[in-house]
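Heads up: the sequence shown begins at 33 in my numbering, then just goes up one per residue.
Even glycine gets a Cβ: it sits at the ideal position worked out from N, Cα and C.
For reference, the structure is listed below as structure tokens.
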Amino acid sequence: MSDVHRAIDEGRVPVPTGRPGRPSLTGSSTHSPRVSFRVPEELRERAKARAEQEGKSVSALAREAFEQFLRAG
33 MSDVHRAIDE GRVPVPTGRP GRPSLTGSST HSPRVSFRVP EELRERAKAR
83 AEQEGKSVSA LAREAFEQFL RAG
């Protein structure tokens, strides 16, 4: 057994117990609800290109578009 594994087994080295989550979009300590849906490949590619052009993630772009759509509704 390696020294690292022995140290972990003996509790001398902390072992991460999971990944930290993403920050809440609500600004509080509660989790943000998730919405997911499927799109055609061509739409995903267009969204990817637009997000890259605007310097943001596809998720951020989708959130903004979704919010604008619902606001206009």
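Secondary structure of Val36 (DSSP, three-state): helix. In the structure shown, Arg103 adopts helical secondary structure according to DSSP, grouped into three states.
Leu75 and Ala97 have their C-alpha atoms some 13 Å from each other. Ranked by Cα distance from Ser91, the first of Arg44, Phe69 and Arg103 is Phe69.
The beta carbon of Thr62 is closer than 8 Å to those of Ser56 in its chain, skipping five residues each way along the sequence.
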